[in-house]
Each structure stands twice: as C-alpha cells, then as structure tokens.
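In full-length UniProt numbering, the protein residues as written are 1 to 373. Note that CB positions come from ideal geometry on N, CA and C, so glycine has one too. Contents: one structure, followed by commentary.
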Amino acid sequence: MTLSARQVREAVAARAAADWDAGFQPQNFTDLRASGLPALTVPRQLGGPGAGIAEASAAVREIAAGDAATGLVLAMHYIHTTRLFTSSTSDALPKLAARILADGELVALVASEQLSGAPSRGAPIKTVATRRDDGGWRITGSKTYATGARAAGSIVIVASFADGPGKGHFLVPQPADGLTVLETWDAAGLRGSDSQDLRLDDVCVDPGALVETVGADGPVDATQPIWWPLMLASVHLGVAEAARAEAIAFAAGPRTDGRPGALKDTTRIRDRAAAAELEYLSARALLDDALRRVPDRDITAAQAGAVKVLVHRHATAVVDHCGQLIGAASMRLSSPLQRHYRDLRVALHNPPAEDTVLAWLATEVLGPTENQE
Numbered sequence: 001m002t003l004s005a006r007q008v009r010e011a012v013a014a015r016a017a018a019d020w021d022a023g024f025q026p027q028n029f030t031d032l033r034a035s036g037l038p039a040l041t042v043p044r045q046l047g048g049p050g051a052g053i054a055e056a057s058a059a060v061r062e063i064a065a066g067d068a069a070t071g072l073v074l075a076m077h078y079i080h081t082t083r084l085f086t087s088s089t090s091d092a093l094p095k096l097a098a099r100i101l102a103d104g105e106l107v108a109l110v111a112s113e114q115l116s117g118a119p120s121r122g123a124p125i126k127t128v129a130t131r132r133d134d135g136g137w138r139i140t141g142s143k144t145y146a147t148g149a150r151a152a153g154s155i156v157i158v159a160s161f162a163d164g165p166g167k168g169h170f171l172v173p174q175p176a177d178g179l180t181v182l183e184t185w186d187a188a189g190l191r192g193s194d195s196q197d198l199r200l201d202d203v204c205v206d207p208g209a210l211v212e213t214v215g216a217d218g219p220v221d222a223t224q225p226i227w228w229p230l231m232l233a234s235v236h237l238g239v240a241e242a243a244r245a246e247a248i249a250f251a252a253g254p255r256t257d258g259r260p261g262a263l264k265d266t267t268r269i270r271d272r273a274a275a276a277e278l279e280y281l282s283a284r285a286l287l288d289d290a291l292r293r294v295p296d297r298d299i300t301a302a303q304a305g306a307v308k309v310l311v312h313r314h315a316t317a318v319v320d321h322c323g324q325l326i327g328a329a330s331m332r333l334s335s336p337l338q339r340h341y342r343d344l345r346v347a348l349h350n351p352p353a354e355d356t357v358l359a360w361l362a363t364e365v366l367g368p369t370e371n372q373e
C-alpha cells in the first residue's frame with residue numbers, strides 16, 4: 001500500500017508522543033519507504049522523478065511536522081543521495097537508484113568519529129580503508145552520530161586510505177559482516193533519529209563500493225553546501241508549523257475565565273498568536289526565497305548557512321510563543337510542544353554551526369583575512 005506524505009505525517013506524529021520512552025520507531029521508516037518519498041529526488045536518467053530542492057524541502061517539512069526525527073532522516077537521505085547522483089560516476093549508483101525506486105531504500109552517511117571530533121572543523125578521519133588483493137576494500141574503525149543508523153539500507157562510510165593520502169566514501173549495505181550499530185544515542189531531542197555509534201571490524205566491500213574520493217587536503221563535506229543547510233532548515237520549519245497548528249487548535253477551545261466565547265477572543269492569546277505568526281512568516285519567507293534561488297545558482301554556501309541559522313532562530317521563537325500561549329500544560333510529556341522544544345534544541349548542534357556561518361559571511365562580505373589576530 002502506498003501512503004501519502006500526509007498519512008505518513010499523521011502516523012509518525014502519533015508515535016512521536018512516546019519518543020521519550022521509545023526512541024527509535026522502526027515503523028516510521030517502514031511507512032516512509034511505503035510512501036515512495038525516498039525516491040523523490042532520484043534523477044530522471046536513472047528512472048526517478050528527478051524532483052529538485054523545493055519539492056524535497058516540502059516533503060521534509062511535511063514529515064518533520066509529524067516527527068522531527070523522522071524528517072531529519074529523510075532530509076539526510078536527500079542530501080546524501082543528491083550528492084552521490086550529482087558527483088559520483090560509480091557503477092554502484094544505478095543499482096542504488098533501482099533499490100530506492102523499488103523499495104524506498106534510505107541512505108545515510110557518517111563521517112564523525114568520537115575520538116577525533118567533527119570533520120566539518122577539520123578533525124582527522126581515523127577509520128581506515130585497506131585495499132584487498134581482489135580489488136575490494138576492508139574498512140576498520142568507529143563512527144558516531146550515524147543518523148538513521150538502523151533505518152538506512154546503505155550507509156556511506158568516510159574512511160582514510162591506508163596506502164596513501166586522501167579519503168574515500170564507501171557505500172556499505174546493511175546488514176554487513178563486521179558492521180555493528182551501538183545503541184548510544186541518548187540525546188534529549190530528536191530521539192527517534194537513531195543517531196547511533198557504529199563499529200566497523202574488517203568490513204569487506206567490493207571495488208564498486210568506493211563511490212567518491214576526496215583529496216588529502218580537501219574538507220570532508222558530508223554533502224553539497226547548499227542542500228545540507230536548506231534541508232535542515234526545512235526540518236526546523238516543519239517543527240514550527242506543527243507548533244503553530246497545536247497553538248491554533250488550543251486557542252479554539254473555550255475560555256477559562258468563566259465568560260462565553262473561545263480563548264482566541266482574549267488579548268493574551270491573540271498577542272501570543274500574532275507574535276508566533278510573525279516569527280513563522282519570517283522563517284517561511286527566508287526558506288522559500290532561498291529555495292527559489294537555488295536552481296539559478298543565485299545563492300552561496302554562506303547565504304544558505306545563514307538561512308539555516310535564521311530559520312532555526314525563528315522556528316525556536318515560534319515554539320516558545322506557542323508554548324507560552326498554551327501555558328504550563330505545554331511542558332507536560334503528553335504535549336507535543338515539549339518535544340518541539342527538545343528537538344529544536346538538539347537540532348541547533350547540527351552543522352554548520354553559527355560561528356562557522358558567521359566566518360563564511362565575514363569572508364563573503366570583507367574578503368579573506370590577511371593578518372589573523
């Protein structure tokens with residue numbers, strides 16, 4: 001049975017109410033695969049719909065409005081598969097596209113390592129890929145923050161080459177001998193994203209698993225610099241839309257001061273709703289403008305990063321205003337608002353970080369530094 005995006009949103013929202021206790025919800029990703037949404041951005045030349053970033057953003061927003069964690073896994077899938085289908089010429093890609101189209105396979109990528117820090121800030125990759133005699137590869141190491149670890153049918157592992165400089169991106173199917181998911185994800189928010197640790201003990205893959213090579217001095221960029229921040233901003237906006245809908249529904253309830261009419265007729269509720277709407281409209285306008293500019297390449301990485309930072313700020317303000325509109329009840333575990341608070345707080349730490357974006361913007365406006373303080 002094919003599910004619509006709205007049906008998936010409603011289903012994952014119902015399960016998200018138990019995120020504090022349950023965490024990872026496998027059925028969310030069964031539903032996501034059944035919807036066909038993972039195939040949305042598969043290029044036409046590989047048999048897919050070939051949708052662009054605006055359509056992908058709309059899908060992510062819809063799912064994230066139901067559950068931010070599930071929306072994040074879908075966002076990462078779009079980010080990483082778009083990068084692969086755009087930049088790689090590996091023979092593995094037509095087969096990957098076929099699996100996504102037939103089964104809705106989800107793809108994850110993991111570069112971060114607990115002992116060395118964030119690759120986006122220049123941390124070294126200590127996971128090692130060694131060439132085997134048959135031309136294949138043996139991968140050994142450990143990874144952290146593997147978003148969608150158990151939801152993904154394939155995981156792209158970033159590893160350093162044992163026999164020379166540079167790094168490779170290896171498409172590793174799940175399950176694979178030697179690949180173990182360690183259940184370490186215990187964050188306060190995005191609990192269902194399954195951003196676990198991985199251990200790779202002599203994981204063997206065939207020669208075609210190497211789907212991309214990065215130079216020795218090149219950054220380990222998990223995906224395209226435009227898609228990454230704008231897909232994350234789409235998750236944030238989806239959360240804001242969910243909070244907005246919750247507050248509007250609450251405001252339609254009866255007044256609590258003994259007077260006839262609805263809560264929406266009181267000044268306090270109207271002021272809070274207006275404040276939330278102002279923030280929501282700002283976030284939506286920023287993201288929509290950025291998405292319109294992408295096809296014409298009229299947006300830089302720094303500007304896309306700024307959109308991610310600003311949409312997150314506005315989305316957080318939306319949730320805050322909506323929570324204050326509802327009152328103390330918004331902090332009960334039975335209220336979606338407390339989950340929206342937690343999810344956005346954890347999402348704040350997804351790269352690019354604000355200080356990185358500010359550095360990019362400074363370079364864009366002022367040029368590179370000549371004499372660093």
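Assigned exposure category for residue i - 16 Cβ within 10 Å defines buried
i, result
"Leu61", "Before going further, note that residue 61 is Arg rather than Leu in the sequence given. Label assigned to Arg61: buried."
"Asn28", "buried"
"Leu263", "buried"
"Lys308", "buried"
"Pro254", "exposed"
"Arg44", "exposed"
"Trp360", "buried"
"Asp133", "exposed"
"Thr369", "exposed"
"Glu246", "buried"
Where the beta strand (DSSP E) through residue i begins and ends
i, result
"Val205", "Gln196 to Val205"
"Lys95", "Not the beta strand (DSSP E): Lys95 falls in the alpha helix (DSSP H), residues Ala92 to Asp103."
"Ala146", "Trp137 to Ala146"
Residue i vs residue j beta-carbon contact at 8 Å
i, j, result
"Ile100", "Ala39", "yes"
"Ser35", "Ser57", "no"
"Val205", "Val156", "no"
"Ala17", "Val235", "no"
"Ile326", "Leu337", "yes"
"Ser120", "Val211", "no"
"Ser193", "Val73", "yes"
"Leu179", "Thr140", "no"
"Ala123", "Gln196", "no"
"residue 375", "Ile125", "Since the displayed the chain opens at 1 and closes at 373, residue 375 lies outside it and no answer follows."
"Thr144", "Gln114", "yes"
"Leu348", "His321", "no"
"Ala302", "Glu364", "yes"
"Ala317", "Glu279", "yes"
Per-residue DSSP class, three states only, for residue i
i, result
"Lys308", "helix"
"Val128", "strand"
"Val60", "helix"
"Pro119", "helix"
"Ala251", "helix"
"Val214", "strand"
"Val73", "helix"
"Ser160", "strand"
"Thr223", "Below a pLDDT of 50, predicted positions are generally treated as unreliable, and Thr223, at 43, falls in that range; no measurement from the model is reported."
Boundaries (first-last residue) of the alpha helix (DSSP H) holding residue i
i, result
"Val8", "Ala5 to Ala16"
"Leu344", "Pro336 to Ala347"
Contact between the stretch 241 to 259 and the stretch 153 to 168 (3+ Cβ pairs under 8 Å)
The stretch 241 to 259 is not in contact with the stretch 153 to 168.
Check whether the stretch 224 to 234 and the stretch 284 to 296 touch, using three or more Cβ-Cβ pairs below 8 Å as the test.
yes
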